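See below for the structure under consideration.
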Amino acid sequence: MAGGSLTTHVLDTMHGKPARGMRLELHYVHGDHTHHLLDSYTNEDGRVDRPLLDEDFQQGEFEIRFHVGQYFERLGVEIETPFLDVVPLRFTISEDKHYHVPLLVSPFSYSTYRGS
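Going from the sequence shown to our numbering is simple: count from 1 and add 958.
Quick look at the structure:
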């Protein structure tokens, strides 16, 4: 088993709480195409119940696609002109360490950082 892992956490900044039930996909990026690795949903704490990568951890370029538009629509947030739909975060894993990629999101903006 490799020595790294990948986790995420989504915070709904519009409502000031974890984003429960947001769909996300993990893809491995290879050149000009991607390989789908995982579909999951966030739990009550806005996290996925298990690491996105652990036993199958590898270095390389990855993309997490967060289904933000679907999440806010499910909550009944009415937006006259929707802005965000799927938010893709592409990043590189270059060390066998823990990588945490959180997302802070509202219907109109998002930010991320390499967490701990």
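Where a beta carbon is used, it is the ideal one built from N, C-alpha and C, also for glycine.
On a predicted model such as this, the values are computed, not experimentally measured, just so you know.
Contact between the region 1001–1021 and the region 1040–1048 is established, with three or more Cβ pairs separated by less than 8 angstroms. It is roughly 32 angstroms from the alpha-carbon of His993 to the alpha-carbon of Ile1037.
Secondary structure of Arg1008 (DSSP, three-state): coil.
Distance from the CA atom of His973 to the CA atom of Gly1027, rounded to whole angstroms, is 15 angstroms. Taking the C-beta atoms as reference points, Val1006 is found nearer than 9 angstroms to Leu982. Looking at the DSSP output, Thr965 bridges to His1058.
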